[in-house]
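Numbered per the working numbering, the sequence shown spans residues -1 to 213. Report on the structure given below.
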Amino acid sequence: MILVGQFDSPFVRRVAIALHHYGHPFERRVLSVFKDFDEMLAINPMGKVPSLILDDGETLFDSRAIIEYLDETAPAERRLAPYQQPERRRVLQIEVVGVTLAEKIYERGIEHNRRAPGTSDPIWRRRLEQQIGSTCEWLEDRLSGDWFFEEGFSRADLAVAVAMQYLERVLPMLESTVRYPRLHAHRLCCESREAFAAVRDARDEALGSGWTPET
Ligand SMILES: N[C@@H](CCC(=O)N[C@@H](CS)C(=O)NCC(=O)O)C(=O)O
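Structural data, given as structure tokens:
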């Protein structure tokens, strides 16, 4: 399989962590959605990452659809979401909130990095920061141990830990590690797992495609 995208993307990173978790060897095509836009459009008509090119040439888009496929086809003991309800919908709900949190952080990063000079909208920035803050509070309230659910590490943990790591790197002035101590401890717990350690957050890839940190 070929994973398309850079590891500074939380969406690409979480697919790579999942591939490691499920034990799938994969190659990576390091393309930037900005620097390599034309090449990107040829792989994914939306010009977005991640894309996962399967061994038969079929290409999957979007981290949620990709992880859904990987999880469905994994051996039962490796799966990261229960099949039975209501446990399944509870895991998927936290996963959706974690992925949406990463999307809001990404949008907020766009305000700093991709707007024409002098055109960033302070009202929109504030709204994004409110959405990020209220989502973190909501998640913090639902976490009491190492994992979101007593059954152990799941897709919920994967989505939230990757988003929190991204938040700390992209928007350090929001002081997420201090404001959300349970989420921070949870992230460290996730990062001690082998699959997380195998997929570093590539700051160099971020800088190479024009993302500069905001302080
Ligand atoms: N919901 C998507 C979000 C993917 C996403 O927003 N990726 C960003 C890179 S971090 C992207 O492709 N941005 C380019 C664009 O939206 O134009 C997922 O989970 O895969």
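Even for Gly, the Cβ is constructed at its ideal location relative to N, Cα and C. Computed from a predicted structure; not experimentally measured.
Proximity below 8 Å, CB of residue i to CB of residue j
i: A159; j: V97; result: no
i: Y164; j: P43; result: no
i: L181; j: E138; result: yes
i: L172; j: E101; result: no
i: R198; j: I65; result: no
i: S207; j: F24; result: no
Collapsed DSSP secondary structure at residue i in the structure displayed
i: V95; result: helix
i: E192; result: helix
i: F59; result: strand
i: L165; result: helix
i: E173; result: coil
i: R27; result: strand
i: S118; result: coil
i: L17; result: helix
i: V89; result: helix
Residue i, buried or exposed, once every other Cβ within 10 Å from all chains shown has been counted against 16
i: Y81; result: exposed
i: R106; result: buried
i: L68; result: buried
i: L78; result: buried
i: S30; result: buried
Inter-residue Cα distance where the pair is residue i and residue j
i: P48; j: L39; result: 12 Å
i: E135; j: R125; result: 15 Å
i: A193; j: R11; result: 11 Å
i: N111; j: W209; result: 6 Å
i: L1; j: T57; result: 10 Å
i: V89; j: F147; result: 8 Å
i: Y20; j: R113; result: 38 Å
Expected contact under 8 Å - CB spacing of residue i and residue j to nearest Å
i: L99; j: I130; result: 7 Å
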